[in-house]
Amino acid sequence: MSKIFSKQKTLFEKIFSLLFSAGVQALFLYRISHIFACSRIFRKFRLHTLFYRLNQFFCNADISPTARLGNNIWLPHPGGIVIGGTSVIGDNVTIMQNVTLGTRRINSSKNRHPVIKNDVFIGANAVLLGNIKVGKGAVIGAGTIVLKDVPSNEKVFGVYK
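Okay, so the sequence shown: first residue is 1 according to the UniProt record's numbering, each after it adds one.
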């Protein structure tokens, strides 16, 4: 969210971005739901669920409140994005529309979703499944299915298994 705010110079421009940029709205609602999900006090009131559902309704983004997203995440078109509960995303990551960071098995280990390192680009309609790691600076092409670890600075397309 700070990536888009760093480009804005005035308070008006920042407020305008928050009101009219779906990607900024999705991250804003995720950050609030994450704060409530991590708080022992607020968790019992299930406020994280409210903001999670608002994110699904208004932005069409299914970002679990328990996922961990770094700084400078950019979601140009958040529609159809699914980020699972144990996903970890580093800094300076761009995620395009209809991307899924999901699990391969139900009731599997604690870490069942992908870990995305810093400076990664994930193209539209990409699917990353399971406890895999995507290295720093990697590029995941549009429509790619990733089922195994991706080394740093690697470009992958198609089915990567």
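All C-beta atoms, glycine included, are put in the ideal place defined by N, C-alpha and C. A quick note: this is a predicted structure, and the numbers were derived from the prediction, not measured.
- prompt: What are the complete beta strand (DSSP E) segments, minimum 3 residues, inside the segment 36-110?
  reply: Taking 3 residues as the shortest admissible run, the segment 36-110 contains the following complete beta strand (DSSP E) segments, listed from N- to C-terminal end: 100-102.
message: Going by the DSSP bridge assignment, what does Val139 pair with across the sheet?
response: Phe121, Lys155
query: Considering Leu147, what are the terminal residues of the beta strand (DSSP E) in which it resides?
result: Neither: Leu147 is in no beta strand (DSSP E) and is coded neither H nor E.
- request: Measure the Cβ-Cβ separation of Gly135 and Glu154 and say whether it is below 8 Å.
  value: Yes, the Cβ-Cβ distance between Gly135 and Glu154 is below 8 Å.
field: alpha helix (DSSP H) segment containing Lys14, residue limits
entry: 11-20
task: State yes or no: is the C-beta of Gln97 within less than 8 Å of the C-beta of His77?
output: yes
- request: Could you tell me if Met1 is buried or exposed, where buried requires 16 or more neighbouring beta carbons within 10 angstroms of its beta carbon?
  value: The predicted position of Met1 is uncertain, since its pLDDT is 49 and thus under 50; no value can be drawn from it.
- prompt: What separation, rounded to the nearest whole angstrom, lies between the Cα atoms of Val146 and Thr103?
  reply: 11 Å
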